[in-house]
Amino acid sequence: MAFVVLTSFFLWGWFVRLPRKRVILGGVVFGILWAYFLGVLLTSMGRDLRHAVVVLPGEARFEPFDHATVHFSLREGEEVFLRRREDRWVKVQRRDGKVGWVTAEAVEKVILPRGEKL
């Protein structure tokens, strides 16, 4: 869709005989704005897929290793956000902002309907 709009803009500028520099500058500005809004849209859509619930209570660690230092505890049923996965470990963030690593079996993804929050 963006390609069609951008192409239409260029053709309109070409046939109306606007200065080429203005047409090119307008196209570049439009392309940058389109990329920004597309990025915001994709980011907001992806948020719904990062919610999770703790299914096995345990401890979150500073690093994704069994012997890493414990950072905080997680209770069963606690809501967290998934940040990253590394082998059998998942980086989670609590609602208070604390971030730590837990085993992937300790959390379960929750897929929410679009726009709904936990």
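For what it's worth, the numbering used here labels the leading residue of the sequence shown as 119, then goes sequentially.
For each residue, glycine too, the CB sits at the ideal point set by N, CA and C.
| task | Look at the alpha carbon of glycine 218 and the alpha carbon of proline 137, and state the distance between them as a whole number of angstroms. | result | 55 Å
| request: Decide if the segment 206-226 is in contact with the segment 167-187; the criterion is three or more beta carbon pairs, one per stretch, under 8 Å apart. | output: yes
| field | Span separating the alpha-carbon of phenylalanine 190 from that of glycine 149 | value | 44 Å
| query | Taking C-alpha atoms, which residue in Arg179, Gly195 and His169 lies nearest to valine 188? | reply | Arg179
| Residue of Gly157, Leu143, Gly144 and Val172 minimising C-alpha distance to valine 198 | Val172
| request: Would you mind sorting leucine 192 into buried or exposed? The rule is 16 or more other CB atoms within 10 Å of its CB. | output: By the 16-neighbour rule on beta-carbons within 10 angstroms, leucine 192 is buried.
| In chain order, what residues of the same chain lie with their CB nearer than 7 Å to the CB of glycine 195, ignoring the 5 residues before and after it? | Excluding sequence neighbours, glycine 195 sits near Val171 and Val172.
| field | Proximity to tryptophan 207 [Cα-Cα], best of Glu177, Gly157 and Thr125 | value | Glu177
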